[in-house]
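A.B. asks:
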Amino acid sequence: MLKSTIIMAVIALFLFIIAYVKEGNLHIEGLKAGSQMLIRTAPLLLIAFVLAGLLQVLIPQSLIINWLGEGAGVKGILVSCIAGLITPGGPYVAFPLAAALFKSGASLMTIITYITAWSVWNVSSLSFEVALIGPKFTLIRLVTMAFIPPLVGLVMYLFG
Amino acid sequence: MKKTIVGMLLTILILIVVAYLESPLLPLKGFKVGLIMTIKIIPLLIFAFIIAGYIQVLIPQEVIAKWLGEESGFKGIILGSIAGGIIPGGPYVSYPIAASFLKAGSDLGTVVAFVAAKLLWSISKLVMEGAILGFRLMAIRLGVTLIFPPLVGLLASLFFGRFNDRLVAREAGEN
């Protein structure tokens, strides 16, 4: 965790310098944009982490290990695909949930399959896509991407 | 966003009741676990959001959007994938751009690759994924899915591109 924080701080500093060297007030604008995003998503993140915490104490660890753990195999792929499909909301909901599951004994394979399934099939993002681009495009996009989450699970299962 | 928050609060309420019925102290324990996770991740998230903010101001959307219209065929698919990966902002920013390029006659494959890359490669999402789930997991996830945006762009133009990209564009124009 400390190492990740240091890496992120270095990247942030690096981007600050780039923005500072560029003309205009980009170094201030970037900080402003970032803090606005943080303030807007902070309540959602807090709620998501509380939800993840409650789930973590409620769902018995043995259940998660059985369905999503190292030994879950193909069953784990199926369960994580379904979980990704039904998880509503953006990254600030899915990532804390995935982190809680990972901590409770889910395997790397199932978490990666879950994140992939959520990315490709996410219900909230789908409604945006239908409204803003069109239902036919969304259907074509879904059909061409439908195979990805199970395939990713299988690849992780065989080589992970 | 508001709907998501309300839905999650309701879920939390139900979970509190369920946990309370199991053991009266369990809801408190859940809150504690959640709060500890939040507090631990706050420094990391602050930097993650600063990075996301700089990505937003340093990468001009108009310049990336132009790539979508410039090339067709395989080159267009590759450019569309890269554009989808680096374009900042949520779906309400990138999807109208995708719709306008479909309407303007860009290849279906290019636009599908763009949306697929937005879903799988998005830099701003990767920053959050690394912060919350760890960089190792994020890197493996990215590595395993790296090939897909160009691949599905190719699939879309092979199977759907030749007979109805105009229909798709007209559908998009209705909104």
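Protein chains in written order, with our numbering: chain A, 1 to 160; chain B, 1001 to 1175. Glycine included, each C-beta is placed from N, C-alpha and C at the ideal position.
Under 8 Å between beta-carbons, which chain A residues line up against Phe-1135 (chain B)? List them in chain order, please.
C.D. replies: Neighbours of Phe-1135 (chain B) on chain A, chain order: Ser-4 and Ile-7.
A.B. asks: Say whether chain A places a C-beta atom closer than 8 Å to the C-beta of Val-1006 (chain B).
C.D. replies: Not an interface residue.
A.B. asks: Using the beta-carbon count (16 or more within 10 Å), is Ser-127 (chain A) buried or exposed?
C.D. replies: So Ser-127 (chain A) ends up on the exposed side.
A.B. asks: Tell me whether Ser-1094 (chain B) is buried or exposed, calling it buried when 16 or more other Cβ atoms sit within 10 Å of its Cβ.
C.D. replies: So Ser-1094 (chain B) ends up on the buried side.
A.B. asks: Spell out whether any CB of chain A is found under 8 Å from the CB atom of Val-1018 (chain B).
C.D. replies: Yes, Val-1018 (chain B) counts as interfacial toward chain A.
A.B. asks: Which value, in whole angstroms, describes the spacing of the CA atoms of Gly-1053 (chain B) and Ile-1059 (chain B)?
C.D. replies: Between Gly-1053 (chain B) and Ile-1059 (chain B), the C-alpha separation is close to 10 Å.
A.B. asks: Flag Val-1063 (chain B) as yes if its beta-carbon sits less than 8 Å from any beta-carbon of chain A, otherwise no.
C.D. replies: It does not; no Cβ of chain A falls within 8 Å.
A.B. asks: Here's a check: name, in chain order, each residue in its chain whose Cβ is nearer than 6 Å to the Cβ of Phe-16 (chain A), leaving out the five neighbours to either side.
C.D. replies: The answer, listed in chain order, is His-27.
A.B. asks: Across the stretch 1103-1117 of chain B and the stretch 1128-1142 of chain B, are there enough close Cβ pairs to call them in contact, namely three or more that are closer than 8 Å?
C.D. replies: Because the criterion of three Cβ pairs below 8 Å is not met, the stretch 1103-1117 of chain B and the stretch 1128-1142 of chain B do not touch.
A.B. asks: Looking at chain B, which residues of the stretch 124-139 of chain A have a Cβ within less than 8 Å of any of its Cβ atoms?
C.D. replies: So the list reads Ser-124, Ser-125, Phe-128, Glu-129, Ala-131, Leu-132, Ile-133, Gly-134, Pro-135, Lys-136 and Phe-137, given in the order they occur along the chain.
A.B. asks: I want to verify the contact list: residues of chain A whose CB lies under 9 Å from the CB of Ile-1082 (chain B), in sequence order.
C.D. replies: Going along chain A, no residue has its Cβ under 9 Å from Ile-1082 (chain B), so there is no contact; the nearest lies around 17 Å.
A.B. asks: Could you name the residues of chain A that Ile-1051 (chain B) contacts, counting a contact when the two beta carbons are closer than 7 Å?
C.D. replies: Here the neighbours are Met-8, Ile-11, Ala-12 and Leu-15.
A.B. asks: Please name the residue, chosen from A:Leu-55, A:Ala-42, A:Trp-118 and A:Leu-142, that lies closest to Leu-190 (chain A) on a Cα-to-Cα basis.
C.D. replies: An answer regarding residue 190 (chain A) cannot be provided, because it is not within the stretch 1 to 160 covered by chain A.
A.B. asks: Please give the ranges of any alpha helix (DSSP H) in the stretch 1081-1112 of chain B, keeping only runs that are unbroken, at least 4 residues long and fully inside the region.
C.D. replies: Within the stretch 1081-1112 of chain B, the complete alpha helix (DSSP H) runs of at least 4 residues are 1091-1103.
A.B. asks: Flag this pair as yes or no: are the beta carbons of Gly-84 (chain A) and Tyr-114 (chain A) separated by less than 8 Å?
C.D. replies: In this structure, Tyr-114 (chain A) lies closer than 8 Å to Gly-84 (chain A) by Cβ.
A.B. asks: Return the residues of the stretch 1102-1125 of chain B that lie within a Cβ-Cβ distance of less than 8 Å from chain A, sorted by chain order.
C.D. replies: Cβ contacts with chain A come from Leu-1102, Leu-1108, Val-1111, Val-1112, Val-1115, Ala-1116, Leu-1119, Leu-1120 and Lys-1125.
A.B. asks: Indicate the three-state DSSP secondary structure (helix, strand or coil) for Ala-106 (chain A) in the structure shown.
C.D. replies: Three-state DSSP puts Ala-106 (chain A) in coil, outside helix and strand.
A.B. asks: For a test of the three-state rule: what should DSSP assign to Ala-146 (chain A), helix, strand or coil?
C.D. replies: Coil at Ala-146 (chain A), not helix or strand.
A.B. asks: Between the alpha carbons of Asn-1164 (chain B) and Lys-136 (chain A), how many angstroms are there, rounded?
C.D. replies: For Asn-1164 (chain B), the predicted model reports a pLDDT of 48, less than 50, meaning its position is unreliable; a value from the coordinates is still stated below. Asn-1164 (chain B) and Lys-136 (chain A): Cα-Cα distance of roughly 10 Å.
A.B. asks: Distance cutoff 8 Å, beta carbons only. Does Thr-110 (chain A) sit that close to anything in chain B?
C.D. replies: Thr-110 (chain A) does not count as touching chain B.
A.B. asks: With burial defined as no fewer than 16 other Cβ atoms inside 10 Å of the residue's Cβ, what is the status of Pro-1024 (chain B): buried or exposed?
C.D. replies: With fewer than 16 other Cβ atoms within 10 Å, it is exposed.
A.B. asks: Residues of chain B with CB under 8 Å from Pro-96 (chain A), in chain order?
C.D. replies: Within chain B, the residues near Pro-96 (chain A) are Met-1037 and Ile-1132.
A.B. asks: Is Gly-1069 (chain B) near Ala-1104 (chain B), with beta carbons less than 8 Å apart?
C.D. replies: For Gly-1069 (chain B) and Ala-1104 (chain B), yes; Cβs fall inside 8 Å.
A.B. asks: Alpha carbon to alpha carbon, how far is Ala-1098 (chain B) from Thr-41 (chain A)?
C.D. replies: Cα-Cα distance, rounded: 25 Å.
A.B. asks: Do we get a CB-CB distance below 8 Å when we pair Phe-1074 (chain B) with the residues of chain A?
C.D. replies: Answer no: the Cβ-Cβ gap between Phe-1074 (chain B) and chain A never drops below 8 Å.
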